[in-house]
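Which chain is which? The protein sequence lines are Z and R, in order.
The first sequence begins at 1 in full-length UniProt numbering and counts up one residue at a time.
The second sequence begins at 1 in full-length UniProt numbering and counts up one residue at a time.
Positions of the beta carbon are idealized from the N, C-alpha and C atoms, including for glycine.
Note that the structure is a prediction, hence the values are computed from the model and not measured.
Notes follow once the structure below has been shown.
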Amino acid sequence: MIEIKGVTKNYGKHQVLQGVSFTVKPGEIIGILGANGSGKSTLLSILAGLEQPNGGFFCIDGKDLLKDSKLRNRTLAYVPQENPLIEELNAWDNLRMWYSRGELDKELKNGMLKLLRIDEFLKVPVSKMSGGMKKRLTIGCAMKGGPKLMLLDEPTSALDMVCRNEIYDYFENFRSSGGSMIISTHELQEIELCNKCYILKNGVLHPYIYDGDIQHLIGILE
Amino acid sequence: MIRFGDYFIVQLKRVLKLLPGILIMTVVVGLVVGAIGYAVVNSDSYKDQQMRYKLGIVGDNQDDMLTMCVNLLENNDDSRFMLDIIQFDDEELARAALRNGEVSAYVLITDKFVNSLNALSNDISLEYFATSGQRGITGVMMDELADIASELVVSSEKGLLALEEEMRNAGFPSEAINPQIDQLLLLYVGAMLARGDMAEFSELGLANGLTTPEYYSISLSLFFLLLMSFCSVSFFLGKKKATYQFITAKGLGAAWQILAEFLAYFLMNLFCVELILFFVRRLSKMRIIPSQNGKIIGDTAIIKSEINIIAVAILFSAMGFFIFELVTGVINKFLAAFILYIGMAYISGYFYPKSFFPDMLQRIGRILPTGVAFTYMEGLHRESFSSLVSSKMIAGEYISIPKYIFIIAIYVAVFVSGSIYIRGRKIRK
C-alpha cells in the first residue's frame with residue numbers, strides 16, 4: 001500500500017498544494033486531473049524527490065520515501081512529460097547509462113525492454129526517433145530495477161493513436177503484474193484507464209468519478 | 001540507481017560524437033589567433049618616428065658630468081624625434097615609472113661610469129633599460145648615443161686644438177705643446193672611438209619582464225583557450241531540464257551530474273589544446289612554422305606546456321561551463337560568453353599591455369580569472385627562464401606559482417559550485 005498524506009507545497013505566499021492525501025493499492029492506476037498550473041506536475045515532482053514539500057508523508061509499506069531517497073530510487077519510476085533522453089546518442093547508449101550490458105541483453109531478449117519493442121530501434125539516434133519511440137525508450141530507462149510505482153506526467157500527450165495504444169498496452173501489462181501508477185493527465189483515454197481519479201484545484205485534491213460526461217469534467221476543471 | 005561513472009561515460013560518448021565539429025572549430029580559431037599573434041609579434045607598428053619618448057636618467061643630480069650628459073641628450077634631440085628627460089634619484093623610482101608607462105626607458109648612469117669618464121679610462125658602460133613596447137627606442141637610443149659620442153669627440157678635439165692655440169699664444173715652445181696635445185687628443189679619441197659598446201641595452205619587457213613576443217604569445221595563447229569555449233558550445237546544446245530531473249529521480253543529484261559533465265567537458269577542451277600543441281611542435285620541428293615563432297608558441301609561451309596548461313585549461317573550462325550553465329538559449333550563451341571574454345581579456349591586458357591602463361583597472365584585471373591565468377603563465381615563464389638569463393633581465397615582482405595554482409583552484413571550485421547550484425534550481429523548477 002502506497003500512502004500520500006498531507007502533502008503541502010508553497011512558493012512564497014502561493015500555496016500550490018494544500019494537504020494532498022490519497023492511497024494507491026498494488027495494480028491501481030490513479031489519475032490526477034487539473035487545469036494547467038494547478039500543481040499536478042509539482043505533486044509528481046515532490047513524489048519523485050525533485051522538490052521538497054513543506055509538509056506531508058509519502059509512505060510505502062510504512063516507510064517514508066520523502067526521507068529515504070535510496071528506497072525511493074528503487075521503488076519509483078518517474079517519466080517526465082518532456083523527452084529526457086540524450087539526443088546525440090542512440091537507444092543503446094541511452095540504455096547503457098541505466099543498465100549493465102548483461103542486464104540489457106537479458107531485458108532486450110525477453111524482458112520489459114522486449115515488451116516495449118525497444119530492440120527494434122537500438123541503433124537509431126534519439127534525434128531521429130518518433131515521439132512514440134522516445135516515450136517507449138524513456139519508460140524503458142525509468143523501469144530499470146523493477147519499480148513498484150510509476151509516476152507519469154502526461155505520458156501520451158502529443159503522441160498519435162498507434163503510439164498511445166502501444167503505451168497503454170504496456171501500462172496494462174505493468175498493472176497486471178501488480179505495479180501501480182500515478183498519472184497526471186488531460187487525456188480521456190488515460191482517464192478511462194484509471195481505477196481512481198482526482199481533480200487538483202486550488203491546491204486541494206478532490207475525488208472524481210468520470211462518467212463519460214466531458215462537459216461536466218470541463219466545467220469542474222474551469 | 002544511476003552511478004556517477006555511468007553518467008560520466010555517457011558524457012564522454014557525447015563528447016566523441018561532438019568532437020569532429022569541435023575540432024574543426026578549434027583549428028579555425030587557432031589559425032585566426034595564431035595569425036593575429038604572428039602579425040603582432042612581427043609588426044612594425046611601433047614606429048619610432050611617430051613616438052615621443054620620455055627617457056629617465058638615474059644618477060647623481062649634482063654631478064657635473066651627469067649634468068653635461070643630460071644637456072647633451074637634450075641638445076642632440078633633433079627633428080627625428082623628441083626626448084623628454086626625467087631625472088630620478090634612484091633606480092627603483094625609475095623602474096616603477098617604466099612599469100607604469102611614465103617613461104619609455106631609463107638610463108642608469110652609475111658613479112663608476114662617471115668616474116671612468118672623468119679619469120678618461122671610459123671602460124664602464126651605461127646601463128640602458130627599456131620596455132619592448134617601444135622597440136624602436138633601442139635603435140634610436142643607439143644612434144643618439146653614437147651622435148653624442150661623435151659630438152663629444154669633435155668638440156673635445158676643437159677644445160684641445162683651442163688649448164694648443166692658447167698655449168702658443170702664451171709663449172709655450174712647440175716641443176712642450178705638441179707632445180702634450182697629441183697625447184691628449186689620442187687619449188680622448190682613443191677612449192671614445194675605440195668603444196663598440198657605448199651602452200649596454202637591457203629589455204625590461206612590456207610587463208614585469210616580458211618582451212613583446214613573449215607577452216603577446218602568452219596573452220594570445222590564453223585568449224585562444226578562452227575562445228575554445230565557443231568551439232565546444234555544442235556540448236551544452238540539447239541538454240534539457242527533463243534529463244536532469246529524470247536522472248535525479250534515479251538518484252544522481254545535481255552535484256554528481258555537474259561533476260561528470262564538467263569532467264567530460266574539461267577533458268574535451270584539454271584534448272583539443274594538447275592536440276593543437278602537438279601540431280605546433282611538429283610544424284615547428286618541420287620548420288613550417290619559423291623556428292623563432294615556433295619556439296614562442298611551442299616552448300616559450302607554454303612552458304612544459306602539456307602539463308602546465310592543465311591549470312589554465314581547467315580554469316577556463318570551469319568558467320565557460322558556469323556561463324553556459326547559467327545562461328539559457330544558444331544565442332544568449334554565445335553573446336554572454338563573447339562579451340564577458342572580450343571584456344575580461346581586455347582588462348587583463350590580453351590585447352594591450354596592462355601598464356597602459358589606470359591602476360584601478362590593472363588591479364581588477366589582475367584578480368579576474370583571465371588575469372590570474374596570465375600571471376600564472378607569466379610566473380611559469382620566469383621560472384623557466386630565470387636560470388638561462390641574468391637576473392637583470394628578469395624585472396618585476398616575484399610570482400609564486402603554488403599561490404596562483406591555489407587561486408585557480410578556488411576559482412574552479414566557485415565556478416563548479418555555482419554550476420551545481422544553478423543545476424539544482426533547474427531541477428527543482
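- Message: On the DSSP letters alone, give me the boundaries of the alpha helix (DSSP H) that TYR421/R sits inside.
- Response: For the purposes of this step, residue 421/R is identified with residue 421 of the second sequence, where counting begins at 1. Unbroken alpha helix (DSSP H) run through TYR421/R: 401-428.
- Item | Within chain R, partners of ILE86/Z - CB distance below 7 Å | Numbered from 1 along the first sequence, position 86 holds the residue referred to as residue 86/Z. Chain R residues near ILE86/Z: VAL10, ARG14 and THR243.
- Task: Counting only the same chain and skipping the five closest in sequence on each side, list residues whose C-beta sits under 8 Å from that of VAL416/R.
- Result: Position 416 of the second sequence, counting from 1, holds the residue named residue 416/R. Taken in chain order, the residues that qualify are ILE258, LEU259, PHE262, ALA318, PHE321 and PHE322.
- Query: In the DSSP assignment, what are the bridge partners of GLY132/Z?
  - Reply: Position 132 of the first sequence, counted from the first residue, corresponds to residue 132/Z. Per the DSSP secondary-structure output, GLY132/Z pairs with nothing in a beta bridge.
- Message: Counting only beta-carbon separations shorter than 8 Å, does TRP98/Z have a partner in chain R?
- Response: As a first step, residue 98/Z must be located in the first sequence, where it is residue number 98. Yes, TRP98/Z lies at the interface with chain R (some Cβ there is under 8 Å from its Cβ).
- Item | Cβ-based burial, SER176/Z [other Cβ within 10 Å; buried from 16] | By 1-based counting over the first sequence, the position of residue 176/Z is 176. Result: exposed.
- With DSSP run on the structure shown, which of helix, strand or coil describes GLY30/R? Numbered from 1 along the second sequence, position 30 holds the residue referred to as residue 30/R. GLY30/R: helix per DSSP, three-state reduction.
- Where does the unbroken alpha helix (DSSP H) through CYS194/Z begin, and where does it stop? Walking along the first sequence from the start, residue 194/Z turns up at place 194. In the DSSP annotation of this structure, CYS194/Z is not part of any alpha helix (DSSP H), being labelled neither H nor E.
- Query: What in chain Z is Cβ-close to ILE408/R, meaning under 9 Å?
  - Reply: Residue 408/R sits at position 408 when you count from the first residue of the second sequence. By Cβ distance, chain Z contributes nothing, its closest Cβ being about 31 Å from ILE408/R, past 9 Å.
- Message: Within the continuous beta strand (DSSP E) that includes ILE4/Z, where are the two ends?
- Response: Looking up residue 4/Z in the first sequence gives position 4. 2-11 is the span of the beta strand (DSSP E), which, as asked, contains ILE4/Z.
- For HIS216/Z, the first and last residue of its enclosing alpha helix (DSSP H): Numbered from its first residue, the first sequence carries residue 216/Z at position 216. 214-221 is the extent of the alpha helix (DSSP H) around HIS216/Z.
- Given that a residue counts as buried once 16 or more other Cβ atoms are within 10 Å of its Cβ, and exposed if not, what is GLU92/R? By 1-based counting over the second sequence, the position of residue 92/R is 92. It counts as exposed.
- Counting only the same chain and skipping the five closest in sequence on each side, list residues whose C-beta sits under 8 Å from that of THR42/Z. What you label residue 42/Z is simply residue 42 of the first sequence in a count that begins at 1. Contacts found: LYS9, VAL16, LEU17 and GLU51.
- Name the residues in the region 244-275 of chain R whose C-beta lies less than 7 Å from a C-beta of chain Z; which are they? GLN245, PHE246, THR248, ALA249, LYS250 and GLY251
- Query: Between the Cα of MET268/R and the Cα atoms of TYR411/R, TYR404/R, SER155/R and ILE9/R, which residue gives the shortest distance?
  - Reply: Within the second sequence, numbered from 1, the residue matching residue 268/R stands at position 268. With distances taken between CA atoms, MET268/R lies nearest to ILE9/R out of TYR411/R, TYR404/R, SER155/R and ILE9/R.
- Message: Using the Cβ count rule (16 or more neighbours within 10 Å means buried), how would you classify ALA91/Z?
- Response: Within the first sequence, numbered from 1, the residue matching residue 91/Z stands at position 91. Label assigned to ALA91/Z: buried.
- Beta carbon of GLN245/R nearer than 8 Å to that of ILE427/R: Indexing the second sequence from 1 puts residue 245/R at position 245. Indexing the second sequence from 1 puts residue 427/R at position 427. Taking 8 Å as the Cβ cut-off, GLN245/R and ILE427/R qualify as a contacting pair.
- Does the pairing of the region 156-173 of chain Z with the region 130-144 of chain Z give three or more beta-carbon distances under 8 Å? The region 156-173 of chain Z is in contact with the region 130-144 of chain Z.
- Task: Identify every run of the beta strand (DSSP E) within the region 58-95 of chain Z, keeping only runs that are complete inside it and at least 3 residues long; order them along the chain.
- Result: 76-79
- Excluding five sequence neighbours on each side, which residues of the same chain lie with their C-beta closer than 6 Å to the C-beta of PRO179/R? For this step, residue 179/R is matched to residue 179 along the second sequence. Result list for PRO179/R: empty, nothing under 6 Å.
- Task: Go ahead and pull the three-state DSSP assignment for HIS206/Z.
- Result: Reading the first sequence from its first residue, position 206 is the one you call residue 206/Z. In the structure shown, HIS206/Z sits in a strand (DSSP, three-state: E or B).
- Message: Is there a C-beta anywhere in chain Z that falls below 8 Å from the one on LEU18/R?
- Response: Within the second sequence, residue 18/R is the residue found at index 18, counting from 1. At least one chain Z Cβ lies under 8 Å of LEU18/R.
- Task: Check whether the Cβ of GLY49/Z lies closer than 8 Å to any Cβ atom in chain R.
- Result: Position 49 of the first sequence, counted from the start, is the residue given in the question as residue 49/Z. Judged by the 8 Å Cβ criterion, GLY49/Z is in contact with chain R.
- Query: For LEU160/R, which residues from the same chain have a beta carbon less than 8 Å from its beta carbon, with the 5 sequence-adjacent residues on both sides left out?
  - Reply: Your numbering for residue 160/R matches position 160 in the second sequence. Result list for LEU160/R: ILE181, LEU184, LEU185 and TYR188, in chain order.
- Nearest-angstrom Cα distance between LYS250/R and ALA39/R? In the second sequence, the residue the question calls residue 250/R occupies position 250. In the second sequence, the residue the question calls residue 39/R occupies position 39. Taking the straight line from one Cα to the other gives about 54 Å.
- Message: In the DSSP output, which residue or residues are listed as bridge partners for LYS201/Z?
- Response: For the purposes of this step, residue 201/Z is taken as the residue at position 201 of the first sequence. Beta-bridge analysis with DSSP links LYS201/Z to VAL204/Z.
- Query: So, is the C-beta of LEU76/Z closer than 8 Å to a C-beta in chain R?
  - Reply: Within the first sequence, the letter at position 76 stands for residue 76/Z. Output row for LEU76/Z: interface = yes.
- Query: Going along the chain, which residues of its own chain have a beta-carbon closer than 7 Å to the beta-carbon of LEU225/R, five neighbours each way excluded?
  - Reply: For the purposes of this step, residue 225/R is taken as residue 225 along the second sequence, with counting starting at 1. VAL273, VAL312, ALA313 and PHE316.
- Message: Just to confirm the assignment, what range does the beta strand (DSSP E) spanning GLY31/Z have?
- Response: Position 31 of the first sequence, counted from the first residue, corresponds to residue 31/Z. Note, GLY31/Z: beta strand (DSSP E), 29-33.
- Query: What are the start and end residues of each continuous beta strand (DSSP E) run of 3 or more residues lying completely inside the region 207-244 of chain R, in chain order?
  - Reply: none
- Which residue spans inside the region 106-168 of chain Z form an unbroken alpha helix (DSSP H) run of at least 4? 112-115 and 131-142
- Would you mind giving the Cβ-Cβ distance between MET143/Z and MET112/Z, rounded to the nearest angstrom? I have them listed as a contact below 8 Å. By one-based count along the first sequence, residue 143/Z stands at place 143. By one-based count along the first sequence, residue 112/Z stands at place 112. Sure, about 5 Å apart at Cβ, within 8 Å.
- Of the choices PHE351/R, GLU306/R and ILE408/R, whose alpha-carbon is the least far from that of TYR376/R? For the purposes of this step, residue 376/R is identified with residue 376 of the second sequence, where counting begins at 1. Among PHE351/R, GLU306/R and ILE408/R, the Cα nearest to that of TYR376/R is on ILE408/R.
- Query: Alpha carbon to alpha carbon, how far is MET167/R from SER116/R?
  - Reply: Taking the first residue of the second sequence as position 1, residue 167/R is located at position 167. Taking the first residue of the second sequence as position 1, residue 116/R is located at position 116. About 27 Å.
- Task: Taking ILE2/R as the query, report the chain Z residues whose CB atoms sit under 7 Å from its CB, ordered along the chain.
- Result: Residue 2/R sits at position 2 when you count from the first residue of the second sequence. Result: MET97 and TRP98.
- Query: Which bits of chain R does SER176/Z rub up against, with CB to CB less than 9 Å?
  - Reply: As a working note, residue 176/Z is residue 176 in the first sequence. Those do not exist, as SER176/Z stays about 24 Å from chain R at its closest Cβ, beyond 9 Å.
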